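**Student:** Residue numbers (this note's numbering): 12 to 498. Every residue gets a Cβ at the ideal spot worked out from N, C-alpha and C, and that includes glycine. Predicted, not measured: the structure shown is a model, and the values here were computed from it. Mind having a look at this structure? Questions to follow.
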């Protein structure tokens, strides 16, 4: 027990000391999470706080590996598996750090995550079965490999997706870590218990600075790392537990991020949105739309996590009929919660159909425009492609400015009808490497009170394609910088 206390204390102290250091460095070098239409913070907040969590987690474990005792010997008992677990965490943290610093697209991140997940499977981290309270456990057989990959990658991204409010992802992770610790402790798994107390200490040390009002965010470095550790450690605790509850405990322990992720995937599929697009319809957004303050929304989601934690621990000690009852209660609570948050509003069915058709038309138009922009040689060609977005977006006016040093500046306007004083507009900058190439401006006079996220996303994607065209043309003009402003 003393080793657990020391590991927790060291991880907590290191994370507490390092978080403000990382925060100051992020501020100095401009590594901040900027304000945007889909984010709730009102000012730029430093990111990269996940580094403090990663270092806080590993530091006491490295110390334990150096200082030999009866517990440290467990680290050497299965060296290959432990080394793979540690190396996998470092690799995923590095991937998150690269995404925070440089930006990585979804394809790159998923490719790296699936590779790491496959390595973990090869090292013995298998999801082989799931409990069935109504009968024998369901054995996955050859499907165990793809299911293991989906579990690890899914949990990594579930923690990343839920990181939308101050202290939310770190708090959700803490409750899942606490569940893993209790399960491991009850089952006598000393090594896994040690890993969980170290991670709990690192999370709480960071949470001191991340709870509302946050002075630093964990970024993808932290959320992806936490997701990986939770995904792989829960496999271990499930493997060593009774087959009668296989995988049910970790699924319930991570019930909130899993539910939020599945809802996001279903929502985007039904509405025709890109699967990896951001929106403002996550559970925390819904709570704030109901009038919850930032802090109350986070605390409310903590309560949900506590419910899932208690349910998962109840499952661990329950017999088959009791487990079925617990799952029925969880299902009922989830149903009521989704109804309360508006996810099951049948009155929106017709509206969803209209939204889906519009989004598919907009995505088709943007794909066509992007193909044309790859061959655009001048301002006129860029505008000839871009103006095609006007009809599917139903804009009243679309403006594009192209500023080309060394040649005449170009200005373009597509006006489908006169603007009224009540017109609402969206202006999206076209930027690359901190250099402004211009802006894309769209106006509507159809009576809307705000710009929908789907329209914002379409304009952001279009601006990104314009940026790429601008950089390509720049290289073709004898190295002269090209600045584009679309008007």
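Within 10 angstroms of the Cβ of residue 96, are there 16 or more other Cβ atoms? Answer buried if so, exposed if not.
**Tutor:** Classification of residue 96: buried, given that the 10 Å Cβ count is 16 or more.
**Student:** Taking the alpha carbon of residue 133 as the reference point, which residue from 140, 156, 146 and 112 has its own alpha carbon closest?
**Tutor:** Ranking 140, 156, 146 and 112 by Cα distance to residue 133 puts 156 first.
**Student:** Taking all protein chains shown into account, decide if residue 57 is buried (16 or more other Cβ within 10 angstroms of its Cβ) or exposed.
**Tutor:** Label assigned to residue 57: buried.
**Student:** Report the option in 398, 186, 357 and 440 whose CA atom is closest to the CA atom of residue 426.
**Tutor:** Of 398, 186, 357 and 440, the residue nearest in Cα terms is 398.
**Student:** At the level of alpha carbons, what is the spacing between residue 13 and residue 360?
**Tutor:** Straight-line Cα distance between these residues: approximately 57 Å.
**Student:** Taking 8 Å as the cut-off, does the stretch 20-32 touch the stretch 67-86 (at least 3 CB pairs, one atom from each stretch)?
**Tutor:** With a cut-off of 8 Å, the stretch 20-32 and the stretch 67-86 count as touching, because enough Cβ pairs lie within range.
**Student:** Quick check: residue 223 and residue 305, are their CB atoms within less than 7 Å of each other?
**Tutor:** Result yes, Cβ atoms of residue 223 and residue 305 sit closer than 7 Å.
**Student:** When DSSP labels each residue in this structure, what does residue 286 get in the three-state scheme?
**Tutor:** The answer is coil: DSSP assigns residue 286 none of H, G, I, E or B.
**Student:** In whole angstroms, what is the alpha-carbon distance linking residue 242 and residue 104?
**Tutor:** Rounded to the nearest angstrom, the two C-alpha atoms are 14 Å apart.
**Student:** Roughly how many angstroms lie between the CA atoms of residue 196 and residue 465, to the nearest whole one?
**Tutor:** Roughly 47 Å separates the two Cα atoms.
**Student:** How about residue 474: is its Cβ closer than 6 Å to a heavy atom in the ligand PLP?
**Tutor:** Absence of the ligand PLP from the depicted structure is noted, as is the absence of any ligand whatsoever, leaving it without description.
**Student:** Report the CB separation of residue 128 from residue 153 in whole angstroms; it is logged as a contact under 8 Å.
**Tutor:** The Cβ separation is near 16 Å, so there is no contact.
**Student:** Roughly how many angstroms lie between the CA atoms of residue 410 and residue 138, to the nearest whole one?
**Tutor:** In a straight line, the C-alpha of residue 410 is about 53 Å away from that of residue 138.
**Student:** DSSP three-state call for residue 27: helix, strand or coil?
**Tutor:** Of the three classes helix, strand and coil, the one that applies to residue 27 here is helix, per DSSP.
**Student:** Just to confirm before moving on: does the CB-CB distance between residue 217 and residue 60 stay below 7 Å?
**Tutor:** Yes, Cβ-Cβ distance for residue 217 and residue 60 is below 7 Å.
**Student:** Kindly provide the ranges of any alpha helix (DSSP H) runs that are 4 or more residues long and lie completely inside the stretch 60-105, ordered along the chain.
**Tutor:** Listed in chain order, the complete alpha helix (DSSP H) runs (minimum 4 residues) inside the stretch 60-105 are 61-77 and 83-88.
**Student:** Quick check: what's the CA-CA separation for residue 98 versus residue 124?
**Tutor:** Using only the alpha carbons, I get a separation of about 13 Å.
**Student:** Cutting at 8 Å between CB atoms, please list the residues of its own chain near residue 42, excluding the five before and the five after it.
**Tutor:** Correct list, in chain order: 36, 57, 58, 59, 111 and 112.
**Student:** Could you tell me whether the Cβ atoms of residue 176 and residue 296 are closer together than 7 Å?
**Tutor:** Contact: no.
**Student:** Of all the options 17, 92 and 85, which has the alpha carbon lying nearest to the alpha carbon of residue 67?
**Tutor:** Nearest of 17, 92 and 85 to residue 67, Cα basis: 17.
**Student:** Can you tell me whether residue 450 is buried or exposed? The criterion is at least 16 other CB atoms within 10 Å of its CB, across all chains shown.
**Tutor:** The residue is buried, with at least 16 neighbouring Cβ atoms inside 10 Å.
**Student:** Is DSSP giving residue 327 helix, strand or coil here?
**Tutor:** Here residue 327 sits in helix by DSSP.
**Student:** Assign residue 373 to one of three DSSP states: helix, strand, or coil.
**Tutor:** Residue state, collapsed to three classes: helix.
**Student:** Where in the stretch 101-154 do unbroken runs of the alpha helix (DSSP H), each at least 4 residues long, occur, reported from the N-terminal end onward?
**Tutor:** Runs found: 117-133.
**Student:** Could you work out which residue in 319, 238, 339 and 70 is closest to residue 260 when comparing CA atoms only?
**Tutor:** Among 319, 238, 339 and 70, the Cα nearest to that of residue 260 is on 319.
**Student:** Count the other C-beta atoms from every protein chain shown that fall within 10 angstroms of the C-beta of residue 284, then say buried if there are 16 or more, exposed otherwise.
**Tutor:** When all chains shown are included, residue 284 counts as buried.
**Student:** Looking only at C-alpha atoms, which of 15, 62, 276 and 232 sits nearest to residue 26?
**Tutor:** Residue 26 has its Cα closest to that of 62, out of 15, 62, 276 and 232.
**Student:** Express the C-alpha separation of residue 87 and residue 1 in angstroms, rounding to a whole number.
**Tutor:** A question about residue 1 goes unanswered here, because the residues of the chain that appear run from 12 up to 498.
**Student:** Per DSSP, residue 438 is paired with what?
**Tutor:** In the DSSP output, where bridge partners are listed per residue, residue 438 has 452.
**Student:** Leaving out five residues on either side along the sequence, give the residues of the same chain with a beta carbon under 6 Å from the beta carbon of residue 362.
**Tutor:** Around residue 362: no qualifying Cβ.
**Student:** Are the stretch 336-343 and the stretch 275-289 touching, with three or more C-beta to C-beta distances below 8 Å?
**Tutor:** Taking 8 Å as the limit for Cβ pairs, the verdict is that the stretch 275-289 does not touch the stretch 336-343.
**Student:** Mapping DSSP to helix, strand and coil, what is residue 429?
**Tutor:** In this structure, residue 429 counts as coil in the three-state DSSP scheme.
**Student:** Assuming residue 436 contacts residue 452 (C-beta within less than 8 Å), just tell me the rounded distance between them.
**Tutor:** That pair is a contact at about 6 Å.
**Student:** Quick check: residue 439 and residue 474, are their CB atoms within less than 7 Å of each other?
**Tutor:** Contact: yes.
**Student:** Can you pull the DSSP bridge partners for residue 43?
**Tutor:** Bridge partners of residue 43: 57.
**Student:** So residue 168 packs on residue 238, CB below 8 Å; how close in whole Å?
**Tutor:** At roughly 7 Å, the Cβ-Cβ gap stays under 8 Å, so residue 168 and residue 238 are in contact.
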